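Protein chains in written order, with our numbering: chain A, 211 to 995; chain B, 238 to 680.
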Amino acid sequence: MFRQTLSRLRYRLASITILFVIIFSSAELAIAQGLHQQQADKFKSVLQPLLAKHCNDCHSTDNAEGGLDLNRFKSYEDVLVARERWMKLLTRVRLGDMPPVADSQITEDERKTVVAGLEDILNNLDPSVVKAAGKPTIRRLNRFEYRQTVKALTGVDYEPAKDFPGDDAGYGFDNIGDVLSLPPLLLEKYLNAAEEIAVKSIATETSVKFRKKVDAKELTGGNYRQDRRGRGAVTLASEGTATAEFQIPAEGKYEIRATVFAQQAGPDVAEMGVVANGNQLKTSKVRATEREPFTFVCDCKLKPGKTTIGVEFLNDYFNAEAADPKDRDRNLFVVSIEVRNDPDVAKATPESHSDLVFQRPSDKITYDVAAEAVIKRMASRAFRRPATAEEVTKLKRLADQVKAEGGSFEEGMQFVLQAILVSPNFLYKVEEPIPAGQSRRELTTYELSTSMAYFLWSSMPDDELLASAWEQKLRTPEERQKQVKRMLADPRARSLAENFAVQWLQLRYLDVVKPDPKLFPNFTEELKSAMREETVLCFDEIVREDKSIFELLDSDHTYVNNVLAKHYGVNDVVGREFQKVSLSKLNRAGLMTQASILTITSNPTRTSPVKRGKWILENLLAAPPPPAAPNVPGLEQQKQLTGSLKERLEQHRKNPACATCHQEMDALGFALENFDPTGRWRTQDEWGKVSIGGELPNGTKVEDAKALQKVLVADFKDEFARCLVERMLVYALGRGLEYYDVPTVDEILAKAQKEDYRFSAVVTAIVESEPFRYRSLPKFQGEMK
Amino acid sequence: MSTSRRRFLQGLGTAIALPWFESLHFRSSVFGGETPERKLRYGFFYVPNGMHMPDWRPEKKGINFDLKPTLQGLAEYQEYMTILSGCALNGGRAHGDGPGDHARAVASFLTGAHAKKTGGADIKNGESIDQLIANRIGNQTKLASLELGTEPSAPSGHCDSGYSCVYTSNMSWRTETSPVAKECNPGSVFDRMFGAGQEAQDAIAKSKREIRKKSVLDFVTEDAEALKRKLGTGDQRKLDEYLYAVRDVEKRISAVKKEVDFVPTIERPDGIPASYEEHVKIMFDLIALSYQADVTRVITFMYANAGSNRPYPEVEVRDGHHDLSHHGKNEEKQKKIAQINKFHISLFAHLCEKLKGIKEGEHSLLDNVVLMYGSGISDGDRHNHDDLPIMLMGRGAGHVSGNRHLLLEKETPLTNLYVTMAEMSGEKVDSFSDSDGRVKGLS
C-alpha cells in the first residue's frame, strides 16, 4: 500500500521514504494553476462521502471518539487549516489502524482511494496559494553564539560558556528557538558570566594604578624589632612567614618587592620564598646584611581580590655548639613588602576598555554626558539596534547608583555592562511581531542585519553591517549582495563550517562515538580532532573560494596533517599543520570517504553499511528511510543469520518488511566497506576479504567508493543541492521547514542553478528569500478541531 | 583510582573552610544535640534502553523476596529496597505517532505525558513529578531541585524518529513546554550547591555583589516585561520562561537565611572525569552531599540520554548499549545487556553506601530518602512501556518499609507511584497526569 501510493512519483531515492519527502517533491508541486479548485472539488465529491460512510459512526457529534468530529470539516480549506491533525489521520488510515477492522466495512479499494485522495490534498498544494514566510519563535543565542558575541562586544573570550546548559537541538541544529530553553540554571550562569566579563573588559580606576607598601611594623608573623636607628624589621628566627594583605584591584601583572636581609650561619646561605595565598611563587638566596638590605623583585600575575602576600624563611639553622658564636644562628629579616602593578599600565588595561569606555567625565564633559554617550553606544551594539532613550535612562540609573556609593565612573560602566549582558534584548534575537491587522511584515534593516550576522558568522553584526542597517542601505538587493560577499570573505565565516556544516553532517557525533579502544587504539583525541578539521577545512574552502557546492562531492583534493595522513596510509606529510593533498594520492573519493564521516556511521566494534547508507540518504539526499518497524528484528538478533556481514544482510533483506529500505541503504553502505570503523583503508574484515559493492534498486551498480561518488555526482546532483539548501535554510531561519516553504526552496534552487551553484549564490538566494526577510503567518494554520 | 578522585575522597571528613562562609557552624541537629525532625528527600534515577527483565524481576513477591543477578549488587541494602512490578507508562506508547519509543520513554518517565511528536516547533510534554514536588517543598531549601546527568543534550537534532533531542535528554519538565536542563559537570554542580568560584567571589565584596545582582535582576525584569508586552503569544512564552528564571534566581539570592550553613566536606571537583564510572561516582558523592547539607530535597539523575549507544568497556561490553538492546532474544546480547544493568546498579550501590554512612539523629540518610530507580522501557527489543523495571530505595523518612516486592496489577499507571511518593511529604496531591489511584503496600 505504502509503495503503491508513492509510485506515482517519479523515481528518486527519496521514493522509499515518508511524507516529508513527498511534501518537498517539487515535481508534484509544480502542477499548474487551478490545482486549488480541483482539490476542493475532489474533497467534496470523493472524500467526504467515503468518510461519512465509514467514519461518521464514531467520529461525529460533540463527544466523538478521540475528540475528532469529522462533520466539522466542511471544506478543503477546513482540512488544510487542521493539516497536522489530518496528517495523523492519514497515517492511521494508511496503516489500517482506522477504521478498526472489526467494525468496518471498508473495502481495500475504498481505503486506497481515501489514502490517495488525502495525500493529494495534504501534499499537492498550490505553491501560489501556500507560499508564506512563516514566523520563527524568538530565540536566545546558543552557547557558541553567546561566546562569539561577547567576544565581539567586549573582547573577552568567556570560555565557561562552552558548557552552558539548555542548548537542545531541533531539526538537526542547535539554533532553533522552540527548543532553546532558558532554565534558571542558565540564567544563573549568565548572571555570573556578566559579572566576570564586565570586570575583565572594563578596568576600574584602581586597576590603572596600584602601589601599596607594607612596612615591617604592619606585617603579620615573626617578631618585630627596631635597630638602634629606629629601622624596623620582622625577624623570622625559625621557618616561618611574614605576611600582609593586599586588595588586588584587577587581574594582571604585578611586581612583588620584598626588602630583606639575613644573618648567616652554617654551611648554606639563607633562603627566602615569596608566597601569595599560600602558594610559593619564587625563591631566592639572601646574602644581604642589615647594613644593606636587598629588594627582591618577583614578577607575577595576580587575580583580583584580597590576597595574602608573604615572605617565608626556608632554611633555618641553629647550632648552639658552633665554635664561632656568630655562626650559630641563621635568621631572615623582612623590612617591607610592596606590591605594584606592571609599570607599563597600558598593558594591564584590557584592550576593549578604551573601545567600551571611550569617554569619561573631564573638565569639558560632565558625568551625565559622558555616561549617556558610553551607555548609548554600548547598549546599541549589544542590542544590535539603536538603544531607546528610555533604555539609556534606565541603564544610567545603575551607573548613578554606583556613583552615589562613591564608585568611579568606570565602575559604573562595568555595572551597566553587567546588566546589558543579562538583558533579554541582548540574549535573544528579538523581532517585532506582525502588526495587528496585517498579514505580512518586512524585517527592519537591524533585524535583517542581525539575522545575516548570526547566519554567516554566528556572531553579532559588525560596525559596517550596523552602519548599513542604520543608513537603510540594507533595503536594496545590491547592498545585501555586497554585504554577503564581504561577510563570506571574512574569517568569521568559518563558523559556517564549524556550526552549519558540522551539524549538518552530524560531525558532533565524533565526540559521542566510542570505537572500541582495544580494536582501534589508533583512535586518539588528536586523530579525532584531525578528522573533524579535514571536513571543516573542505567546507570552509567552498565558502572562502566561493566554489560550487558540488565540489563537496567531487573535489580532487582534501586537507590532512601528518596524523591524518598516516591514518590514511600516507607517510610523507610532515607537521601538524593541515595542507592540501590530492585525493588520488590518498586513494579516497570525496566527502563520503572522509574518516570523520566513516567513523560516526560505524558501530564501536564493526562498520555498519546500513548506518552509512542511511547517513547518505538522510544527510546528502534528504531522503531519510523510515525507522524500522518496532517488531522487525535487527540484524544481529536473528539467530538464523550466518556468514559475513554482507551475507547476513542479504538474508535480512529476504524479509520483505526489511527489503524495501535496506536495498538502498545497504548498496550505498557496502560501497564503503574498504574503510574500517575509523575510516582506515582495509581489504580484510573479521570475516575475511571484505565484500564490497552493491546494486541500487534501479539496477545501478556501485562497486566501490569511487563508483559511489560517480553515481552521486551523475544522478543525484539535484537531490544533493535540494538537501543542502533545505538544511541551510533551517539553519538560517532557526526553524524547521514546513509545507509552505516548498516554493521558497524551489526558488532558491533555481537562482543557485543560474550561477552554477556557487556558494555565495546559494547564500544570497537564502538572504533574498521571503522567509529570511519577511514574517507572515501561513494561510492554512489554526486550531480546527 | 585516579588521583583527582582520591583527592576528592580524601577531602571527605577533612572539612575545608571556604572563605565565603561568614559564619561557620555546623547544623547542630545533624551533629548531635536535639533530635532532628526527619526530612524526606527525593531522588529519581533513569537508566536508558530498558532492562534485561529475567535478571531483574524477583520471583517471590512480598517480604524477603529473591534477588536476581542484576540486583545482587544491592544485597546489602535489601532491607531498604522495594521492587514494584506491573507499572506502565501509557504516555510512552505510540498512540498513532509511530516510532520514537526511546524519546517517549524519557519524556513520559516522570511526566506520564504523551509528548508531542515534533522535531522542534511547539514542543509539548507535561509537568514532571520532581518539579511538582520541588514546587511544593522547594522553598525550604537553597535549591528547589537539582537536575543531573552525565551526557549533555545530544549533539544533533536527529534524536529519535522525528522527536527533538529536547525529549531524549530532559526528563524534568517545569511546565509542559519548559524542560529543565540538567547539569553534567561536577564542578558546576558544586558551585551551585556552595556558591560560585572563589575568583568571582573575591572580586567585589560579597554583599556588594549581591546587591548588584539584585539590581541587575530588577533591571532585566522590567526590560523583559516591556519586551513581552510587544510580542506575540508564541514569543511571549519564551519571555515567560525568561521571567520565571529571573524570579527563581532572585528568590535564591534574597533567601539569605536559606544560605547553606554547612561546610562542604569535599573539594570542588575539577571538571568532568574521563572515565564514566568516576563521573557517575562523583555525581553520586555530590548527590549525597546535597542531601546531607540540605541544599535541596529533590534530585533527578540520568545515567545516560534516551537510546544512548555508549559501550561499557568497564565491564567488557564493547558494543553500543542501544545496538545491543535490540537483542532479538540472542542470549549473548542479553547477557551483555544484563552486564550493563548490573554495572549501573553497582554504581547505585556506591550512592547507597554513602547515604547509609551519613547519620541523621538515630537514622541514616538512607532511611530518610526515597529514591526511585528505573527505565521507561521494559524490554529494549520490544520497546514496551508496561511491566517496567522500577525500584524504590530508602525508607522515605518512615513512609516505606523496604524489603518488599510488590506485584501490582498489570497496567498500573507509574504515576500512581508518583502521587503516593509526593504525598509522603505531607502535601495533598489529588492526582497526577494519568494516575488513577495510589500504590498500596509500601509500608
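We put the beta carbon where it would ideally sit given N, CA and C, even for glycine.
Everything numeric in this text was worked out from a predicted model, so none of it was measured.
DSSP beta-bridge partners of residue i
{"i": "G520 of chain A", "result": "A:T453 and A:V485"}
{"i": "I911 of chain A", "result": "The residue you asked about is not Ile; residue 911 of chain A is Lys in the sequence shown. In DSSP, K911 of chain A forms a bridge with A:E905."}
{"i": "W891 of chain A", "result": "A:F885"}
{"i": "Y638 of chain A", "result": "A:R350"}
{"i": "C510 of chain A", "result": "A:Y464"}
{"i": "R555 of chain B", "result": "BP columns for R555 of chain B are empty, so no partner."}
Residue burial classification, residue i (beta-carbon count within 10 angstroms, cutoff 16)
{"i": "P535 of chain A", "result": "exposed"}
{"i": "T652 of chain B", "result": "buried"}
{"i": "A646 of chain A", "result": "exposed"}
{"i": "Q682 of chain A", "result": "exposed"}
{"i": "S265 of chain B", "result": "Low per-residue confidence applies at S265 of chain B: pLDDT is 36, beneath 50, and the placement is therefore not dependable, though the value from the model is reported in the following sentence. Exposed is the call here."}
{"i": "S564 of chain A", "result": "exposed"}
{"i": "A511 of chain B", "result": "exposed"}
{"i": "Q713 of chain A", "result": "buried"}
{"i": "R441 of chain A", "result": "exposed"}
{"i": "P671 of chain A", "result": "buried"}
Helix, strand or coil at residue i [DSSP, three-state]
{"i": "C324 of chain B", "result": "strand"}
{"i": "A461 of chain B", "result": "helix"}
{"i": "I348 of chain A", "result": "coil"}
{"i": "L401 of chain A", "result": "helix"}
{"i": "P416 of chain B", "result": "strand"}
{"i": "I958 of chain A", "result": "helix"}
{"i": "F767 of chain A", "result": "For the record, residue 767 of chain A in the displayed sequence is His; it is not Phe. Reduced to three states, the DSSP call for H767 of chain A is strand."}
{"i": "N605 of chain B", "result": "helix"}
{"i": "S564 of chain A", "result": "helix"}
{"i": "W761 of chain B", "result": "Absent from the model: residue 761 of chain B. The displayed extent of chain B is 238 to 680, so no value can be given."}
{"i": "M630 of chain B", "result": "strand"}
{"i": "R303 of chain B", "result": "The displayed chain sequence assigns Asp, not Arg, to residue 303 of chain B. Reduced to three states, the DSSP call for D303 of chain B is coil."}
{"i": "V784 of chain A", "result": "coil"}
{"i": "A443 of chain A", "result": "strand"}
{"i": "I374 of chain B", "result": "helix"}
{"i": "T355 of chain B", "result": "coil"}
Residue-level contact to chain A via CB, residue i, 7 Å cutoff
{"i": "F456 of chain B", "result": "yes"}
{"i": "G631 of chain B", "result": "no"}
{"i": "A371 of chain B", "result": "no"}
{"i": "I360 of chain B", "result": "yes"}
{"i": "G617 of chain B", "result": "no"}
{"i": "K450 of chain B", "result": "yes"}
{"i": "P416 of chain B", "result": "yes"}
{"i": "A437 of chain B", "result": "Residue confidence for A437 of chain B is low, a pLDDT of 43 falling below 50, so the modelled location carries little weight and cannot support an answer."}
{"i": "N286 of chain B", "result": "no"}
{"i": "N422 of chain B", "result": "yes"}
{"i": "K353 of chain B", "result": "no"}
Any chain B beta carbon closer than 7 Å to residue i
{"i": "L512 of chain A", "result": "no"}
{"i": "G617 of chain A", "result": "no"}
{"i": "S633 of chain A", "result": "yes"}
{"i": "L401 of chain A", "result": "yes"}
{"i": "S590 of chain A", "result": "no"}
{"i": "V389 of chain A", "result": "yes"}
heavy atom of the ligand FMN below 6 Å from residue i C-beta
{"i": "E648 of chain B", "result": "Annotation note on the ligand FMN: not contained in the displayed structure, which lists no ligands."}
Selection of the region 322-350 of chain A by Cβ proximity to chain B, strictly under 8 Å: K345, T347, I348, R349 and R350
Along the region 794-824 of chain A, where does the CB come closer than 7 Å to a CB of chain B? Name the residues. N813, P814 and T815
Quick one, which residues of the region 544-555 of chain B are near chain A if we go by CB-CB under 7 Å, in chain order? Here the close residues are R547, P548, P550 and R555.
Please list the residues of the region 349-383 of chain A that have a C-beta atom closer than 7 Å to any C-beta atom in chain B, keeping them in chain order. D373, P375, G376, D377, D378, A379, G380, Y381, G382 and F383
For the region 445-462 of chain A, enumerate the residues whose C-beta is nearer than 8 Å to any C-beta of chain B, in chain order. none
Could you list the residues in the region 932-962 of chain A with a C-beta less than 7 Å from some C-beta on chain B, going in chain order? R945 and G946
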